[in-house]
Every structure is written in structure tokens, then in C-alpha cells.
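Heads up, the thing below is written out as C-alpha cells.
There are 2 protein chains.
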Amino acid sequence: MHVAVLLFAFALTGTTLALDNGLMRTPPMGWLAWERYRCDIDCENDPKNCISENLFMDMADRLAEDGWKELGYVYVNIDDCWSSKQRDDQGRLQPDPKRFPGGIKKLAHYLHNRGLKLGIYGDMGKLTCMAYPGTPLDKIELDAQTFADWEVDMLKYDGCYSNAMEQELGYPLMSKALNATGRPIGYSCSWPAYQGGLPPKVNYTQLGEICNLWRNYGDIQDSWDSVLNIVDWFFENQDALTPAAGPGRWNDPDMLIIGDFGLSMEQSRSQMALWAIMAAPLFISNDLRTISSGAQSILRNEMAISINQDALGIQGRRIVKEKSGIEVFWRPLSKNASALLFFSRRTDMPYRYTTSLSKLSYTAGSYKVFNVFTDETASLKDSTEFVVSVNPTGVVMWYVSAPAKFNLRQFYQGGTLHGRVYDDREENAIPRVFL
Amino acid sequence: MHVAVLLFAFALTGTTLALDNGLMRTPPMGWLAWERYRCDIDCENDPKNCISENLFMDMADRLAEDGWKELGYVYVNIDDCWSSKQRDDQGRLQPDPKRFPGGIKKLAHYLHNRGLKLGIYGDMGKLTCMAYPGTPLDKIELDAQTFADWEVDMLKYDGCYSNAMEQELGYPLMSKALNATGRPIGYSCSWPAYQGGLPPKVNYTQLGEICNLWRNYGDIQDSWDSVLNIVDWFFENQDALTPAAGPGRWNDPDMLIIGDFGLSMEQSRSQMALWAIMAAPLFISNDLRTISSGAQSILRNEMAISINQDALGIQGRRIVKEKSGIEVFWRPLSKNASALLFFSRRTDMPYRYTTSLSKLSYTAGSYKVFNVFTDETASLKDSTEFVVSVNPTGVVMWYVSAPAKFNLRQFYQGGTLHGRVYDDREENAIPRVFL
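Residue numbers (the UniProt record's numbering), protein chains in the order written: chain G, 1 to 435; chain E, 1 to 435.
Structure follows, in C-alpha cells:
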């Protein structure tokens with residue numbers, strides 16, 4: 001038996017439960033109701049925006065008819081406030097009868113018929129965060145089976161109204177219960193966000209074995225401050241977080257708010273680019289019925305999506321943090337390529353940042369550079385000094401293609417490998433880690 | 001002699017210096033270089049954006065050819081970093097010879113030929129904020145005459161490198177010196193911003209007599225946080241500030257950053273609307289050569305501009321501050337009309353705010369309402385409950401026309417009239433002041 005396989009087998013036996021659904025080998029993409037629609041249940045006065053089957057069918061229509069699906073945005077995810085306040089007479093969760101008169105299974109079929117997938121929401125506690133019926137320990141198997149019976153494709157399992165000990169039992173138990181249904185159901189765990197998001201409280205090795213993605217940190221809000229707060233936390237803690245990510249297991253910095261009310265176009269490009277560097281799930285939360293063409297063009301950027309969806313699934317890192325407010329991020333990609341991101345935290349005017357690929361620790365050679373948001377291309381020697389003009393709160397993002405060798409363990413020098421097997425990634429270009 | 005005239009004459013004799021240039025009876029409008037272009041003097045590497053006569057001629061071309069001038073945007077204002085580091089051999093300020101080879105007078109003619117006006121920048125101290133030659137006390141008369149000789153139409157007189165005593169002498173002295181040139185030169189004083197912006201340190205009665213506008217507070221930056229910070233300060237201190245404003249004398253919350261990098265469309269509408277409520281000078285600081293159509297449509301909104309430019313010149317107030325994050329602002333306008341502004345500080349989703357005109361203390365009657373940003377109109381009884389849906393960080397702005405009586409002194413109950421004569425304003429609708 002090959003050594004790597006032996007190591008992998010050993011890692012598995014060290015866990016009590018394993019997620020083996022084969023799903024989400026690249027970060028999941030789709031639409032999620034929460035940030036934009038919250039717990040709006042006022043269908044009488046706000047029929048177009050309330051949490052109801054109509055809202056999800058509307059979004060499904062847009063995803064299927066407007067070309068989003070072909071780009072990879074296939075999940076349509078319900079969040080909190082979908083259910084009745086009471087379980088049914090057999091103890092099962094049931095949707096609010098007025099807002100989901102057709103039921104969840106019919107909604108799932110509506111989506112499946114359009115090539116889309118349905119996500120649903122539960123909570124590891126007596127109540128959900130908005131005080132709808134939760135899924136405590138004794139309801140986990142029942143609810144997992146209910147979701148499977150409804151032909152649901154993904155579950156976001158939140159953590160309000162549960163304590164650390166219940167979560168310690170419940171999150172793995174739900175993983176096992178979902179697997180036991182026989183239906184592949186993507187599993188999003190809010191667990192680490194309730195544990196502060198960092199080791200040693202959070203065991204990312206275990207999370208990678210039981211969940212497909214997990215929320216590490218607080219909810220995003222519709223503001224640039226919120227995006228910056230999330231970005232700060234994820235990159236300040238990149239040594240702890242990046243080793244946890246990989247095919248089938250993703251850190252989730254929360255939804256894309258592009259197309260909502262709080263971000264400028266520059267800031268929208270920045271969120272898209274930073275989420276691509278982070279190998280983050282791309283769940284849009286906006287109104288696809290009225291989204292502006294500017295926001296659409298950012299969310300539909302095929303190069304940004306392809307960087308996000310890179311098959312290696314290595315989460316990128318911040319490699320430079322200048323006093324000027326310029327930061328550089330880097331992510332290794334398949335085919336010996338990489339993504340480079342120049343980001344400005346300034347709030348004055350475009351900043352002309354001078355550097356070279358060799359300063360960014362690229363090895364000697366000539367590289368091809370593709371500008372993700374302008375489609376410009378260039379050839380660049382490692383030693384050539386270049387200037388990128390980065391707008392305030394904006395980015396310049398490059399796809400850099402060139403062959404080079406690297407030492408993977410050097411990339412992870414600040415983090416821990418958590419016993420994971422990286423032998424299929426060792427031929428990528430990788431710069432020296434600055435941070 | 002009429003009593004009001006007597007009072008007015010008395011007020012004048014109580015001051016040492018008087019600004020009597022007849023300018024800026026409505027808030028000045030135009031373009032100002034600072035926020036967008038700062039002290040970029042690198043014409044070699046950044047020729048399109050450096051502080052040079054080309055930049056101001058470019059912006060003049062845009063204002064004159066793209067219809068901005070007709071909307072009222074007529075000033076083209078130079079800020080810091082325009083001058084040579086040395087005065088000339090006669091001790092006069094001179095522009096940087098490489099960046100302004102034609103000189104300021106020629107630039108002024110270029111603007112005047114296009115129906116525009118030129119503003120220039122000086123500093124009450126040994127150096128300007130960016131360390132170019134300042135205009136200390138002994139240079140005031142010389143520099144005022146130089147500006148007049150150049151046919152300059154406005155002066156922004158900053159306050160770096162001067163102390164409180166010098167400012168106390170210098171700002172009135174410059175006012176007198178400008179008047180003495182015989183050329184009408186609009187006079188923007190940064191003085192109050194250096195004194196904390198509030199009485200008793202700042203004497204707004206005196207400012208209104210010597211300056212056409214004044215910067216009360218810190219510089220705006222290209223971010224929504226900066227806009228909010230400015231808005232907070234101006235409305236938290238509205239009792240002290242609103243009585244100071246009127247025809248020829250304006251509080252200046254600083255430039256419009258609409259069309260730059262940091263504001264979403266919602267936030268751009270909010271800045272335009274809040275600046276209109278504040279009767280603020282409208283100085284755009286962006287790149288008019290590349291501005292988006294969305295930003296243009298906001299800056300060109302004729303109803304917002306007409307509210308800003310209302311002949312009464314009464315600065316509006318915040319009248320409601322809800323725990324929900326909704327705030328209501330109000331400004332009395334000519335012809336017994338008023339502007340109502342609903343603003344959301346929320347960062348989640350559109351908020352449905354229920355109120356009525358009578359709750360906002362409008363007197364009984366039927367009003368016509370014009371929505372500034374959607375062009376919708378409606379008739380509304382004072383007692384009718386209505387719902388406005390306000391987007392996160394966004395506004396709904398109404399022009400409300402209807403006759404009603406009000407008690408002006410009640411409007412200023414929290415402030416001080418500073419001995420000013422308001423007898424021409426007493427027929428306007430006015431609600432009870434909530435804050």
C-alpha cells in the first residue's frame with residue numbers, strides 16, 4: 001500500500017465520524033436568502049420579498065434563465081424562518097403552510113427540473129436563531145431523514161440555543177445522519193463560528209472530515225466595513241485557516257453582498273477577488289430580479305470564478321502588507337499557475353504600487369499575466385519592475401501562468417498541515433511567505 | 001427707517017470687518033481638485049491626473065461641454081500644491097512653472113471664456129498644509145491683490161502652520177483685503193475647522209460677516225464612513241450650526257465624493273440628499289472625464305440641486321432619530337414648500353418606515369409630494385399614514401409643497417439666532433423640532 005494512502009487511512013480511523021458524500025470538490029456556488037431577505041415573513045405587505053416558495057422560485061428562474069447556472073451558481077438556499085412554528089403531529093419539521101403551500105419537496109422538484117439544487121436551514125439547538133423550531137440532539141436523525149425525503153441537496157446547520165457540549169455531539173451526529181440517509185447532502189456547519197473560529201477550540205481536522213464547509217466567523221452585513229472586518233479576520237488568522245481548506249472542505253467567510261446596497265463597484269470587485277483568493281463558497285445574497293448590470297458583470301467574471309473554483313482547492317494567503325495600505329494576496333492554482341491580488345485600503349486616490357514578481361518571490365522566468373477585471377494581458381519577467389495603479393478600496397487581480405517548482409511545506413511554514421496529504425499539489429509555483 | 005434695516009445696520013457696526021461682495025447668495029457649486037487628486041505633482045508618470053493647468057482645463061471642458069455648467073456647477077477650484085516652492089523676486093506667489101506654464105491668469109481666462117469661474121487656494125500660515133508657501137499676516141494684502149490681478153473668483157484660505165491668534169487676525173484681514181481689491185472674490189475660510197467648529201471658540205456671527213463659506217470640520221475621505229462621520233457631526237451640532245447659514249454665508253461639510261471609488265449608488269444618493277438638506281456648497285471632486293452615468297444622474301438631479309439652491313438659504317435639520325436606524329431630516333424652502341428626507345443607517349435590508357406628515361408635525365392639510373430620485377408624485381393628507389421603504393445606507397427624499405404657517409423662532413428653539421434678521425422667511429411650513 002502506498003504511504004500516502006496509509007497516512008490517509010490512518011487519519012480517518014482517528015475520527016469518530018466521517019463525511020463521505022463526495023460533494024463540493026470545488027467551493028459551492030449559488031444563492032442564499034439570508035443577508036438580503038433576513039426574516040421577512042410579511043407576505044401580505046411585502047409579497048415579492050418575503051421568505052416564501054415564490055421568492056425561491058423567482059430566484060431559481062433567474063439562475064436558470066439568465067445564465068447564472070452555467071457559470072456554476074446552482075444552489076438555491078433557504079435560510080432561517082422557513083418553517084412552521086410547530087412540528088407536525090409526527091414530530092417532523094414542516095414549512096410554514098401559508099408561505100410554502102406547495103411544501104419543500106415540490107420546491108426541490110421545481111429546482112431540480114431547472115438543473116438547480118435546494119439548500120435548507122436547521123439549527124443545532126432547541127430553537128433557530130430567529131426562534132423557529134431547532135434540531136436538538138434527539139431530532140437530528142429525524143430531521144436529516146426529513147430533508148432527504150424532501151430531496152434537499154444541502155443543509156446549513158446553525159448553532160443558536162445550543163451549548164459547546166451539545167455542539168460537540170450534534171455536528172458530527174448530523175454528518176453521520178445525513179450520510180446515513182443515502183442522499184448526498186452538502187453539509188455547512190456553523191460550529192466553528194460559535195467556538196471563536198480558531199484552534200485549539202476549533203479542530204479543523206475534524207471539521208474537514210464531517211462538514212463540506214463551515215462558517216468560521218460572524219455574519220456578513222451589507223457594508224464595506226463588514227467585508228473588511230471579515231477579510232481582516234481571515235487573513236490575520238490565515239496560518240490557522242488555510243491548511244483546513246481543500247476539495248470537499250471549505251472555510252466560509254459568508255455571502256457575497258455584491259448587487260446589494262452597501263458596496264461601490266470597486267468594493268464589489270474587491271469582495272469577488274478576495275473570495276476567489278480565499279477559495280470561499282460563492283453564495284450570492286441579492287435580488288437577481290433587479291440586479292444592476294455592473295454588479296452582474298462582477299459576479300459573472302469567468303476568470304474570477306475559475307480562480308475561485310480551481311481544482312487544487314488551495315486557499316490563498318496575504319503575502320505582503322505595506323504601510324502604504326497596499327496588500328498583496330496570492331493563491332497557487334492548477335497548471336503551475338497562480339493568482340495575484342493587489343488590494344488598496346486607502347481612501348484617497350489611486351495608488352501607484354511598484355514591485356516585481358521576484359520581489360513577490362516568484363522564481364526566475366518569464367510569466368504571462370492576465371488582468372481578471374480588464375482582460376489585458378502581458379508578459380513579465382520576474383525581474384521586471386512594474387507599476388499597478390490600485391483604486392481606493394479596490395483591487396487589481398492577475399492570473400499568472402508559468403511553470404516553476406516550489407516547496408509546499410514552506411508555504412505552510414506558519415500553519416499546521418493537520419495531517420493532510422498534499423502530494424498532488426507539489427509542482428506549483430509558490431512565493432516565499434511574507435506574513 | 002424700517003426696524004429690520006436698523007437692526008441690520010446695527011449688526012454691521014458691531015463687527016470690525018465686513019464681507020460685502022454680494023456673492024454666493026445660494027451655496028456655491030463647482031469642482032474642487034483636492035479629494036480626488038490630492039498633491040499628485042508627478043506629471044511625468046501621471047500626466048492626466050497631476051495638479052497642472054491641463055487638469056483644470058480638462059475639467060473646465062467637461063463642465064462647459066457636458067451640461068454641468070447649466071446646472072450651476074461653475075467653479076473650477078485649485079487646491080494645495082499649485083504653486084512654486086518660491087515666491088517670485090517681487091515676493092509674489094507664483095504657480096509651478098512646469099505644471100502651470102501658462103500662468104494662473106491665462107487659466108482664469110480659459111475658464112471665463114467658457115462661462116466658468118476659477119478658485120484658488122492659500123493658507124493662513126508660513127506654509128500650506130503640503131508645505132508650499134503660505135500667506136501669513138504680512139503677505140495677506142499682497143496675495144489678495146495677486147489673486148485679483150489674476151482674475152481669480154474664489155479663495156479657499158486654509159489654516160495649517162498658524163496659531164489661533166494669527167487666525168483671529170488673519171481671516172478677517174484677508175476678507176478686508178479681498179474686498180479692497182474691488183474684485184468680487186468668494187471667500188472660503190477653514191478657520192472654524194481649526195477651532196473645533198463650535199461656539200464659543202467659533203463665532204459664527206463674525207464668520208457670516210467675513211466669509212462666504214467655511215469649513216467647520218475635518219476633510220472628507222473617499223469612504224462612506226467619512227460621509228457618516230461628517231453627517232453625524234453636523235447634525236449632532238445642528239443647534240449651533242444651522243443659524244449660521246444663510247444667503248452669502250454657508251457651512252461647508254466638504255466635497256461631494258460621488259463618482260469616486262468609495263460610495264455605492266445608494267450612498268451617493270444619500271450624500272447628495274444630505275448635502276441638499278444642509279444647504280451645503282456642492283463641490284464635486286472626481287474625474288469628470290470618466291464618471292459613470294449612474295453617478296452623473298445623481299449629481300445632475302435637478303430637484304436635489306434646486307432644494308440645495310433654495311433662495312431662502314435655510315439650513316435643514318434632523319427632526320427624527322428612530323431606534324430602528326431611520327432618521328428624518330427636514331428643510332424649509334421657498335413658496336411654503338419643504339424637503340423631507342428619510343435616511344436609513346441600517347446594513348441589512350430595505351426598511352419599511354411608517355409615519356404621517358402630522359407625526360412629522362406638518363400642519364393640517366393636503367400636501368403634494370414629489371419623490372426626488374424616482375420622479376413619483378402623490379397627494380398626501382397630513383393625517384394619512386404612509387410607508388416609505390428605505391434601502392440600507394440609502395434615502396428617500398421628498399419635495400413637499402403646501403401652504404402652512406409656522407413660528408420661526410420655534411424652529412430655532414435649540415439654537416441661537418446670532419442677531420440675524422429672518423423677517424423674510426416667516427411664512428414657511430415648519431414642523432415641531434424633535435431633536
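For every residue, glycine included, the Cβ atom is placed at its ideal position computed from N, Cα and C.
This one's a predicted model, so the numbers in the text were calculated from it and none came from an experiment.
Whether residue i touches residue j by CB criterion (8 Å)
| i | j | result |
| --- | --- | --- |
| Met59/G | Trp82/G | no |
| Val396/E | Val388/E | yes |
| Gly313/E | Ala245/E | yes |
| Ile41/E | Phe56/E | no |
| Ser304/G | Ser268/G | A small fix is needed here, since residue 304/G is Ala in this sequence, not Ser. Taking 8 Å as the Cβ cut-off, Ala304/G and Ser268/G do not qualify as a contacting pair. |
| Pro243/E | Ile210/E | no |
| Ser285/E | Glu35/E | yes |
| Cys39/G | Asp80/G | yes |
| Val76/E | Gly119/E | yes |
| Gly365/E | Ala402/E | yes |
| Ser293/G | Asp310/G | no |
| Leu207/E | Pro184/E | no |
| Pro350/E | Leu213/E | no |
| Gln167/G | Tyr132/G | no |
CA-to-CA distance, residue j to residue i, given in whole angstroms
| i | j | result |
| --- | --- | --- |
| Ile307/E | Trp275/E | 10 Å |
| Asp287/G | Val320/E | 30 Å |
| Ala280/E | Arg300/G | 39 Å |
| Glu236/E | Leu198/E | 11 Å |
| Pro247/G | Leu282/G | 15 Å |
| Val390/G | Asp348/G | 11 Å |
| Thr384/E | Ala339/E | 18 Å |
| Arg409/G | Asp225/G | Bear in mind that the predicted position of Arg409/G carries a pLDDT of just 46, short of 50, making it unreliable; the figure below should be weighed with that in mind. Arg409/G and Asp225/G: Cα-Cα distance of roughly 34 Å. |
| Ile140/E | Arg92/E | 11 Å |
| Asn203/E | Thr135/E | 22 Å |
| Gly394/E | Glu266/E | 5 Å |
| Gly102/G | Tyr367/E | 45 Å |
| Phe342/G | Ile326/G | 7 Å |
| Pro97/E | Ile104/E | 10 Å |
| Tyr362/G | Gln315/G | 18 Å |
| Met24/G | Arg249/G | 8 Å |
| Ser223/G | Arg331/G | 26 Å |
| Val328/E | Ile291/G | 28 Å |
| Leu142/E | Arg215/E | 24 Å |
| Thr205/G | Asp239/G | 14 Å |
| Asn113/G | Val74/G | 12 Å |
| Pro47/E | Ile277/G | 33 Å |
| Phe406/G | Ser324/E | Any reading at Phe406/G must be qualified, since the residue scores a pLDDT of 46, below 50, and its modelled position is unreliable; no value is offered. |
| Trp398/G | Phe370/G | 5 Å |
| Gly72/G | Ser264/G | 24 Å |
| Ile230/G | Gly259/E | 26 Å |
Nearest-angstrom beta carbon gap, residue j and residue i [assumed within contact, 8 Å]
| i | j | result |
| --- | --- | --- |
| Phe386/E | Ser356/E | 7 Å |
| Leu107/G | Phe100/G | 7 Å |
| Cys129/E | Tyr157/E | Not confirmed; about 12 Å, so no contact. |
| Leu155/E | Phe147/E | 6 Å |
| Leu19/E | Ser175/E | 5 Å |
| Phe234/E | Pro392/G | Not quite, the Cβ-Cβ distance comes to about 23 Å (not below 8 Å), so this is no contact. |
Are the segment 119 to 128 of chain G and the segment 157 to 164 of chain G touching, with three or more C-beta to C-beta distances below 8 Å?
yes
Taking 8 Å as the cut-off, does the segment 217 to 226 of chain G touch the segment 252 to 259 of chain G (at least 3 CB pairs, one atom from each stretch)?
yes
Looking at chain G, which residues of the segment 207 to 229 of chain E have a Cβ within less than 9 Å of any of its Cβ atoms?
Gln221, Asp222, Ser223, Trp224, Asp225, Ser226
In chain order, what residues of the segment 241 to 272 of chain G put their CB closer than 7 Å to some CB of chain E?
Phe261, Gly262, Leu263, Ser264, Glu266
When you check each C-beta in the segment 388 to 399 of chain E against every C-beta of chain G, which residues fall closer than 8 Å?
Asn391, Pro392, Thr393, Gly394
Mind checking the segment 54 to 73 of chain G against chain E and listing, in chain order, the residues whose C-beta falls within less than 9 Å of any C-beta there?
none
Interface residues of the segment 32 to 43 of chain G facing chain E [CB-CB below 9 Å]
Glu35, Arg36, Tyr37, Arg38, Asp40, Asp42
Using a beta-carbon distance cut-off of less than 7 Å, what residues from the segment 174 to 204 of chain E approach chain G?
none
Give a yes or no on contact between the segment 55 to 70 of chain E and the segment 170 to 190 of chain E, applying the rule of three or more CB pairs nearer than 8 Å.
no
By the 8 Å beta-carbon criterion, what residues does the segment 139 to 172 of chain G contribute toward chain E?
none
Quick one, which residues of the segment 116 to 127 of chain G are near chain E if we go by CB-CB under 8 Å, in chain order?
none
Output, in sequence order along the chain, the residues in the segment 347 to 374 of chain E whose CB is closer than 9 Å to any CB in chain G.
Thr347, Asp348, Met349, Pro350, Arg352
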